[in-house]
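Peer 1: The structure follows.
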Amino acid sequence: MTLWLPRGFDAETELEVKRSRFITRLARVDDEEAARAVIAAVRAAYPDARHHCLAFIVDVPDAQPVERSSDDGEPAGTAGMPMLEVLRGSGVSNVVAVVTRYFGGVLLGTGGLVRAYSDAVAQALDGTPRVRPVVRQLVGLEVGASEAGRVQGALMNRGVDVVDAEWGASVLLTLAVDDPEAALPLVREVAQADVELVPLGEQVVELPT
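For reference, each letter of the sequence shown is one residue, going 952 to 1160 in this note's numbering.
Next up, the structure:
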């Protein structure tokens, strides 16, 4: 099951290992451009740091997620890939992690670096809120203006999400439902008419886990 961090989530944590500081920036992103913007912001915030190692996973509709990582000058395979593995193991996507390292004067060795970068990302993820993206179908329901308020209120009371209303001589209510065919009998019952639902596309709804 795919999980995301909540929209707008952006946090920083710090881990110290043998006097080296590992500062982790963890953020929700919705595309690769946003991920690279976070990476650039971290580099600008800590211009004197020796390493800004990174990993991100971004979902792509109808395709495999985009995954990228970088050791940024650390020994090959000791930073970016271990960070990416932690992100994969968490089940979270649409996420970027950037770990900025300030060297503390003690060499950690390859195994120590792998542990430190992995632990830095794991610490940043620990306890973070998660949301579950669910695709809902958007459908249009046209009702008379005199009935719109009653119908909208009754639908919402019955658990149907009414996400928009366009008022005119008649009113077009936009509903978000899991299955339009399954929802139609309830909608007709509430509308007290033999109405039809017009397909309007899809919407991703983020539900708390």
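Backbone N, C-alpha and C define an ideal beta-carbon position, used for all residues, glycine too.
Go ahead and pull the three-state DSSP assignment for residue 1128.
Peer 2: Of the three classes helix, strand and coil, the one that applies to residue 1128 here is strand, per DSSP.
Peer 1: Mind checking whether residue 1006 and residue 989 have CB atoms under 7 Å apart?
Peer 2: For residue 1006 and residue 989, no; Cβs fall outside 7 Å.
Peer 1: Determine the extent of the alpha helix (DSSP H) in which residue 1031 is found, giving its start and end residues.
Peer 2: First-last of the alpha helix (DSSP H) with residue 1031: 1031 to 1041.
Peer 1: What first and last residue would you give for the beta strand (DSSP E) that runs through residue 1053?
Peer 2: Looking at the DSSP string, the run of the beta strand (DSSP E) that includes residue 1053 is 1046 to 1053.
Peer 1: Tell me the DSSP secondary structure of residue 984 in three-state form.
Peer 2: Three-state result, residue 984: helix.
Peer 1: Identify whether residue 975 lies in helix, strand or coil by the three-state DSSP scheme.
Peer 2: Three-state DSSP puts residue 975 in a strand.
Peer 1: What do you get for residue 1103, buried or exposed, if any count of 16 or more other CB atoms within 10 angstroms of its CB means buried?
Peer 2: So residue 1103 counts as buried.
Peer 1: Ignore the nearest five residues each way along the sequence and tell me which others in residue 1043's own chain have a CB closer than 6 Å to its CB.
Peer 2: Only 954 meet the Cβ criterion.
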